[in-house]
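Taking it in order: structure first as structure tokens, then the write-up.
Numbering (this note's numbering), first residue to last: 17 to 504.
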């Protein structure tokens with residue numbers, strides 16, 4: 017595909033997105049100027065429609081059209097099952113979303129880690145949660161950057177380098193984050209979500225048609241790649257591998273702070289319900305489309321060197337007219353950028369609100385906001401350096417990040433449902449569980465033959481419960497917090 021066409025499309029996208037971001041600046045204040053709640057939460061006044069689109073764009077990133085398509089290419093129908101488990105896990109938002117919203121409004125929480133620090137009456141819990149989130153989320157942000165790198169390099173036939181694609185997405189994420197904080201991100205997310213779902217769906221149908229229609233596509237898969245339509249598939253998945261990938265993914269909506277922080281933002285519980293319904297509709301369509309991309313690429317190009325090149329190769333092929341291909345490319349770029357800037361804002365808010373404010377005496381709101389803005393480019397640079405490693409299988413790396421974050425889940429569930437949970441128990445599960453995950457991934461050790469994704473949550477649960485039972489709980493704080501969550 018022509019590099020001029022690619023850069024022209026990126027430029028048009030940039031101009032439109034920047035205009036939308038700047039228009040959002042007027043809504044970013046609370047009448048007194050921008051504060052932490054205004055910059056990072058949009059003053060908790062986001063409506064259901066915008067929240068649904070932004071939640072969708074943040075969640076469904078380069079992981080889907082590049083990562084999930086690549087996982088389908090390599091692992092067959094098991095990839096669909098893997099993503100459907102995540103989809104089922106969104107039911108947790110229906111349970112915990114109203115509780116997050118209620119305590120956030122009552123106590124003025126800006127970050128999920130601040131919420132845990134308050135609930136357990138110990139700032140160290142907030143610090144540990146923030147640091148753990150940084151350790152595991154920066155690689156996930158890097159996945160998005162790498163997705164754009166693979167996309168632009170694959171579609172241009174190498175004329176645009178992987179590094180150039182990563183640099184472009186990094187700069188775009190920084191730009192949108194700085195313009196007006198979360199207001200800018202949510203409005204550009206909404207634009208990007210509509211664009212990516214419409215473009216990808218239409219072009220997916222066009223590709224399937226060019227391959228002979230759905231009947232011909234699946235007949236070819238059945239005859240030439242029968243393992244891709246069977247369980248456990250062509251070799252990527254086994255039962256333990258599937259379980260190791262899906263357990264962390266099921267808890268994604270709670271464990272990933274860039275997602276759970278969104279539960280503080282809706283203007284009302286009605287807006288939250290609209291957000292959840294809209295996300296479920298969007299997510300199901302996008303999942304089916306991404307799997308179709310993977311299967312279509314397998315039929316059209318069965319011998320790719322890297323499965324993550326499935327979507328870029330398909331978009332640059334004769335099956336997709338260049339103009340439509342570049343439109344989908346921009347949609348994927350937009351999806352990746354929306355996730356990166358959301359992660360950057362969430363991590364910067366956690367580092368300023370939960371680390372800086374707990375370390376520095378008398379850290380004012382304005383200083384916290386200033387520190388949060390200073391941290392943004394540092395996070396982006398770290399993600400860029402990680403992306404340059406060019407690790408294979410984006411989907412697997414994404415789940416590895418969620419595996420590390422799932423150790424926070426016991427403390428979150430305990431905050432709302434177990435009065436006996438203690439600060440020391442929360443610290444033990446987050447720090448101890450996180451160290452176990454890091455050790456298992458770095459060493460390659462699989463106790464009892466089971467991967468880290470299976471061990472992470474049970475280890476964290478045991479540490480949280482056992483240590484809480486032998487330490488003292490802050491009962492008054494727990495009662496106040498849990499009563500607020502129940503009232504909502």
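Glycine included, C-beta positions come from ideal geometry on N, C-alpha and C. These numbers were taken from a predicted model, which means no experiment stands behind them.
Residue i: which of the options sits nearest, CA to CA?
{"i": "residue 473", "options": "34, 163, 193, 420", "result": "420"}
{"i": "residue 496", "options": "99, 457, 432, 456", "result": "432"}
{"i": "residue 271", "options": "140, 176, 425, 416", "result": "425"}
{"i": "residue 498", "options": "76, 416, 75, 115", "result": "115"}
{"i": "residue 193", "options": "467, 370, 382, 38", "result": "38"}
{"i": "residue 349", "options": "143, 181, 131, 141", "result": "181"}
{"i": "residue 295", "options": "34, 357, 74, 21", "result": "74"}
{"i": "residue 277", "options": "111, 453, 126", "result": "126"}
{"i": "residue 399", "options": "385, 417, 337", "result": "417"}
{"i": "residue 387", "options": "396, 397, 373", "result": "373"}
{"i": "residue 404", "options": "183, 147, 93, 19", "result": "183"}
{"i": "residue 457", "options": "447, 468, 448, 302", "result": "468"}
{"i": "residue 95", "options": "251, 206, 179, 210", "result": "251"}
{"i": "residue 34", "options": "490, 483, 353", "result": "353"}
{"i": "residue 188", "options": "488, 463, 26", "result": "26"}
{"i": "residue 240", "options": "449, 317, 479", "result": "317"}
{"i": "residue 389", "options": "450, 401, 366, 375", "result": "366"}
{"i": "residue 491", "options": "430, 462, 230", "result": "430"}
Is the separation between the beta-carbon of residue i and that of residue j shorter than 8 Å?
{"i": "residue 436", "j": "residue 118", "result": "no"}
{"i": "residue 323", "j": "residue 97", "result": "no"}
{"i": "residue 24", "j": "residue 216", "result": "no"}
{"i": "residue 538", "j": "residue 53", "result": "The structure shown does not extend to residue 538, since the chain is modelled only from 17 to 504, so the question has no answer here."}
{"i": "residue 282", "j": "residue 105", "result": "no"}
{"i": "residue 360", "j": "residue 157", "result": "yes"}
{"i": "residue 238", "j": "residue 89", "result": "no"}
{"i": "residue 103", "j": "residue 299", "result": "yes"}
{"i": "residue 422", "j": "residue 264", "result": "yes"}
{"i": "residue 82", "j": "residue 166", "result": "yes"}
{"i": "residue 185", "j": "residue 164", "result": "yes"}
{"i": "residue 384", "j": "residue 368", "result": "yes"}
{"i": "residue 297", "j": "residue 168", "result": "no"}
{"i": "residue 307", "j": "residue 222", "result": "no"}
{"i": "residue 470", "j": "residue 236", "result": "no"}
{"i": "residue 442", "j": "residue 132", "result": "yes"}
{"i": "residue 209", "j": "residue 371", "result": "no"}
{"i": "residue 483", "j": "residue 440", "result": "yes"}
{"i": "residue 9", "j": "residue 173", "result": "Past the edges of the chain, shown from 17 to 504, lies residue 9, and the structure says nothing about it."}
{"i": "residue 233", "j": "residue 224", "result": "yes"}
{"i": "residue 245", "j": "residue 93", "result": "yes"}
Which residues does DSSP list as the beta-bridge partners of residue i?
{"i": "residue 282", "result": "62"}
According to DSSP, is residue i helix, strand or coil?
{"i": "residue 134", "result": "helix"}
{"i": "residue 236", "result": "helix"}
{"i": "residue 29", "result": "helix"}
{"i": "residue 21", "result": "helix"}
{"i": "residue 322", "result": "coil"}
{"i": "residue 45", "result": "Bear in mind that a pLDDT of 46 at residue 45, under 50, signals an unreliable position, so the model cannot answer this."}
{"i": "residue 374", "result": "helix"}
{"i": "residue 220", "result": "helix"}
{"i": "residue 409", "result": "Only weak support exists for where residue 409 lies, its pLDDT of 49 falling under 50; the coordinates are left without a value."}
{"i": "residue 462", "result": "coil"}
{"i": "residue 416", "result": "helix"}
{"i": "residue 248", "result": "coil"}
{"i": "residue 507", "result": "With the chain covering 17 to 504 only, the question about residue 507 has no answer from this structure."}
{"i": "residue 92", "result": "coil"}
{"i": "residue 369", "result": "helix"}
{"i": "residue 227", "result": "coil"}
{"i": "residue 38", "result": "helix"}
{"i": "residue 176", "result": "coil"}
{"i": "residue 126", "result": "coil"}
From which residue to which residue does the alpha helix (DSSP H) around residue i run?
{"i": "residue 492", "result": "491-503"}
{"i": "residue 433", "result": "425-433"}
{"i": "residue 355", "result": "338-366"}
{"i": "residue 332", "result": "Run containing residue 332: none; DSSP gives neither H nor E here."}
{"i": "residue 262", "result": "255-266"}
{"i": "residue 123", "result": "107-123"}
{"i": "residue 455", "result": "449-459"}
{"i": "residue 383", "result": "381-403"}
{"i": "residue 477", "result": "468-485"}
{"i": "residue 156", "result": "139-171"}
{"i": "residue 273", "result": "273-276"}
Any heavy atom of the ligand MG closer than 7 Å to the CB of residue i?
{"i": "residue 461", "result": "With respect to small molecules bound, the structure shown includes none, and the ligand MG cannot be examined in it."}
Say whether chain B places a C-beta atom closer than 8 Å to the C-beta of residue i.
{"i": "residue 31", "result": "No chain B is present in this structure, which holds just one protein chain."}
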